[in-house]
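> Protein chains in written order, with the working numbering: chain A, 1 to 114; chain B, 115 to 224.
C-beta atoms are modelled at their ideal positions from N, C-alpha and C, and glycine is treated no differently.
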């Protein structure tokens, strides 16, 4: 089954404690991205990657890091989480093809930083 | 970047009613998609519809790219249709950063 898998689904952590949210896709997609969703603000892109070792900033990259060492994985790293990073996070993947770039989303990770 | 406006922001229906959700873009867009976010937060693809009309069961969507809008039709609504509906698109200039609308929150009462 084609899917994007995020872990963990829920996470409560303390300010400053480094954490990683994993994302994996089994569709051989080149393009992967991370979003955060906040009430009243909708979904905003944090980082995206167009292929292995190619990453770029989205609209709200501050406080986040990513890496793309393998095509299927795209972890999101919070080196020093702060309470304003409390949010619902989504990973997504798609092909890079002008004629077909439907995005598939993971189940979401609800992060609380206290 | 482009602006995406969705209307209405909130919608309350009685089960069995029909509805139309609209998405307006400030500029030409590619890769327009509609999503449903269920009450558990999961985002589900509904349609990938850069132009034309598509139907899937009780749902259908139409995009008029030249006029920069898309419509999502829900017929014979059910309580399971409740949630938030988002549209999103990327600009014609080749950007890979999609812009999402703020969503239409739909509640369907039994």
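Quick one: list the residues of chain A neighbouring residue 153 of chain B, beta-carbon separation under 7 Å, in chain order.
Here residue 153 of chain B refers to the residue found at position 39 when the second chain is read from its first residue. Below the 7 Å Cβ cutoff, chain A contributes no neighbours of residue 153 of chain B, its closest Cβ being approximately 12 Å away.
> Relative to the C-alpha of residue 175 of chain B, which residue among B:203, B:218, B:188 is closest?
Position 61 of the second chain, counted from the start, is the residue given in the question as residue 175 of chain B. That would be B:188, whose Cα lies nearest to the Cα of residue 175 of chain B.
> Just by C-beta distance, which residues in the stretch 130-156 of chain B are closer than 8 Å to chain A?
Against chain A - using a Cβ distance shorter than 8 Å - the residues of the stretch 130-156 of chain B are 144, 145, 147, 149, 155, 156.
> Do residue 53 of chain A and residue 68 of chain A have their CB atoms nearer than 9 Å?
Taking the first residue of the first chain as position 1, residue 53 of chain A is located at position 53. Taking the first residue of the first chain as position 1, residue 68 of chain A is located at position 68. Closer than 9 Å, so yes.
> Determine which residues of the stretch 31-55 of chain A have a Cβ less than 9 Å from any Cβ of chain B, and write them out in chain order.
31, 33, 35, 37, 40, 41, 42, 43, 44, 45, 48, 50
> Counting only beta-carbon atoms, is residue 74 of chain A nearer than 9 Å to chain B?
To locate residue 74 of chain A, count along the first chain from 1; it is residue 74. No, residue 74 of chain A lies away from the interface with chain B (no Cβ there is under 9 Å from its Cβ).
> So, at 8 Å on beta carbons, what are the nonlocal neighbours of residue 50 of chain A in its own chain, with the 5 sequence-adjacent residues on each side left out?
The residue given as residue 50 of chain A occupies position 50 in the first chain. So the qualifying residues of the chain are 30, 31, 56, 96.
> The beta strand (DSSP E) spanning residue 154 of chain B covers which residue range?
For this step, residue 154 of chain B is matched to residue 40 along the second chain. Note, residue 154 of chain B: premise wrong, no beta strand (DSSP E); not H, not E.
> So, for residue 117 of chain B: in the same chain, excluding its five sequence neighbours on each side, which residues have a beta-carbon less than 6 Å away from its beta-carbon?
The count along the second chain starts at 1 and reaches residue 117 of chain B at position 3. Correct list, in chain order: 140.
> Taking Cβ to Cβ, would you say residue 58 of chain A is nearer than 9 Å to residue 33 of chain A?
Translated into positions along the first chain, residue 58 of chain A becomes position 58. Translated into positions along the first chain, residue 33 of chain A becomes position 33. Their beta carbons are under 9 Å apart, which means residue 58 of chain A touches residue 33 of chain A by this criterion.
> Quick one: what's residue 90 of chain A bridged to in DSSP?
Here residue 90 of chain A is taken as the residue at index 90 of the first chain, counted from 1. The partner list for residue 90 of chain A (beta bridge, DSSP) reads A:35.
> My understanding is that residue 1 of chain A touches residue 159 of chain B, with C-beta atoms under 8 Å, so please give their C-beta distance in whole angstroms.
Position 1 of the first chain, counted from the start, is the residue given in the question as residue 1 of chain A. Position 45 of the second chain, counted from the start, is the residue given in the question as residue 159 of chain B. Not really, about 14 Å apart at Cβ, beyond 8 Å.
> Which two residues bound the contiguous beta strand (DSSP E) that contains residue 139 of chain B?
Here residue 139 of chain B is taken as the residue at index 25 of the second chain, counted from 1. Looking at the DSSP string, the run of the beta strand (DSSP E) that includes residue 139 of chain B is 133-139.
> Would you report the Cα separation of residue 99 of chain A and residue 165 of chain B, rounded to the nearest angstrom?
Stepping through the first chain from its first residue, residue 99 of chain A is reached at position 99. Stepping through the second chain from its first residue, residue 165 of chain B is reached at position 51. For residue 99 of chain A, the predicted model reports a pLDDT of 48, less than 50, meaning its position is unreliable; a value from the coordinates is still stated below. For residue 99 of chain A and residue 165 of chain B, the gap between their C-alpha atoms comes out near 11 Å.
> So, is the C-beta of residue 216 of chain B closer than 9 Å to a C-beta in chain A?
Numbered from its first residue, the second chain carries residue 216 of chain B at position 102. Yes, residue 216 of chain B lies at the interface with chain A (some Cβ there is under 9 Å from its Cβ).
> Are the Cβ atoms of residue 199 of chain B and residue 171 of chain B separated by less than 9 Å?
Residue mapping note: residue 199 of chain B aligns to position 85 of the second chain, counting from 1. Residue mapping note: residue 171 of chain B aligns to position 57 of the second chain, counting from 1. In this structure, residue 171 of chain B does not lie closer than 9 Å to residue 199 of chain B by Cβ.
> How big is the Cα-Cα spacing for residue 17 of chain A and residue 44 of chain A?
Here residue 17 of chain A refers to the residue found at position 17 when the first chain is read from its first residue. Here residue 44 of chain A refers to the residue found at position 44 when the first chain is read from its first residue. Each residue's alpha carbon lies about 24 Å from the other.
> So is residue 212 of chain B in contact with chain A if we call contact Cβ pairs under 9 Å?
Taking the first residue of the second chain as 1, we reach residue 212 of chain B at position 98. Closer than 9 Å to some Cβ of chain A, the Cβ of residue 212 of chain B qualifies, so yes.
> If you draw a straight line from the C-alpha of residue 3 of chain A to the C-alpha of residue 125 of chain B, how long is it?
The residue given as residue 3 of chain A occupies position 3 in the first chain. The residue given as residue 125 of chain B occupies position 11 in the second chain. Taking the straight line from one Cα to the other gives about 31 Å.
> Looking at chain B, is there any beta carbon in it that lies within less than 9 Å of the beta carbon of residue 110 of chain A?
For this step, residue 110 of chain A is matched to residue 110 along the first chain. It does: the Cβ of residue 110 of chain A has a partner Cβ on chain B nearer than 9 Å.
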